[in-house]
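In UniProt numbering, the protein residues as written are 1 to 221.
Taking it in order: structure first as structure tokens, then the write-up.
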């Protein structure tokens, strides 16, 4: 197994990203570089580079005369991100599914078991982060569509904050495990049209749940 060496900027980006996804840094909160550098025991340079990286992921916003802030969550943004995800991921799955091997399905099964265990244990950080991404990525792995894959990875990062809200607050903890299990079943059976349609509904359903939650939250403000 290869050892991944991370730069200081990557480590700082991960630390700030996690604070945002966990809600420790709220929407609209200022991200003061000096304070973050002191807290993370680094210079300001990797902090600024990390904030620029997080801006590309849609988590940070730079404004003139105001600096960096945590981006606001909104129902309108959910529509665009999740509609694009549903279209692109269904397309990746369609190109990948018939090429998946028995070994691929075994790996997907193992990832799904880990994902289900994390959900059952209430480990939403793992469930909404690398395990969920790894499970879906395995199903798309034979698509040979690198540019589509790159877009999907970008939108997945942009939506992770919303996905975590779905799991924690909008019922995803109850529905996601069963839906992932059904998706894998359809893929194993090589039911391409059914699997792609189910994946589209899976992502669109999460969108609808999150939008309803956000609209309720906005009405309460």
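Think of the CB as a built atom: it goes at the ideal place given N, C-alpha and C, for glycine as much as any other residue.
As the structure is a prediction and not an experimental result, all values here were calculated from the model.
Okay, do the segment 70-88 and the segment 24-42 touch, 3+ Cβ pairs below 8 Å being the bar?
Cβ pair count under 8 Å is three or more, so yes.
Check whether the segment 96-106 touches the segment 54-67, counting contact only when three or more Cβ pairs, one atom from each stretch, lie closer than 8 Å.
Flag = no, the segment 96-106 and the segment 54-67 do not touch.
Do the CB positions of residue 199 and residue 50 come within less than 9 Å of each other?
Not in contact: residue 199 and residue 50 (Cβ atoms no closer than 9 Å).
For residue 159, is the classification buried or exposed, using 16 other Cβ atoms within 10 angstroms of its Cβ as the cut-off for buried?
Residue 159 should be labelled buried.
Taking the CB atoms as reference points, tell me whether residue 92 and residue 180 lie closer together than 9 Å.
Contact: no.
Using the Cα positions of residue 215 and residue 177, report the straight-line distance between them to the nearest angstrom.
Taking the CA atoms as reference points, residue 215 sits about 25 Å from residue 177.
Tell me which same chain residues have a C-beta within less than 7 Å of the C-beta of residue 13, skipping the five on either side of it?
Same-chain partners within the cutoff: 50, 53, 54.
Quick check on this structure: which residue in 186, 207, 206 has the alpha carbon closest to the alpha carbon of residue 197?
Of the listed residues, the one whose Cα sits closest to residue 197 is 186.
Check this for me: beta carbons of residue 162 and residue 81, under 9 Å apart or not?
Yes. Within cutoff.
Mark residue 76 as exposed unless 16 or more other C-beta atoms lie within 10 angstroms of its C-beta, in which case mark it buried.
It counts as exposed.
Sequence-distant residues of its chain with Cβ nearer than 6 Å to residue 224 (five each side left out):
Absent from the model: residue 224. The displayed extent of the chain is 1 to 221, so no value can be given.
Between the Cα of residue 210 and those of 193, 183, 166, spot the shortest distance and give me the residue it belongs to.
Closest by alpha carbon: 166.
Going residue by residue through the segment 62-143, where are the continuous beta strand (DSSP E) segments of at least 3 residues, counting only ones entirely within it?
Runs of the beta strand (DSSP E) inside the segment 62-143: 67-70.
Can you list, in chain order, the residues of its chain whose CB lies under 7 Å from that of residue 43, leaving out five sequence neighbours each side?
Taking residue 43 as the centre and dropping the five residues before and after it, the same chain places the C-beta of 37 closer than 7 Å to its C-beta, in chain order.
Any chance the CB of residue 137 is under 8 Å from a heavy atom of the ligand COA?
Looking at this structure, you won't find the ligand COA or any other ligand, since it has none at all.
Could you give the distance in angstroms between the alpha-carbon of residue 155 and the alpha-carbon of residue 41?
Annotation: residue 155 to residue 41 spans about 31 Å, alpha carbon to alpha carbon.
List the whole-angstrom C-beta distance separating residue 138 from residue 182, where the pair is believed to meet the contact cut-off of C-beta under 8 Å.
About 16 Å; that fails the 8 Å criterion.
Three-way DSSP call (helix, strand, coil) for residue 42 in this model:
Looking at residue 42 - three-state DSSP - the assignment turns out to be coil, as it is neither helix nor strand.
Based on Cα-Cα distance, which residue from 64, 204, 212 lies nearest to residue 83?
Residue 204 is the option with its Cα nearest to residue 83.
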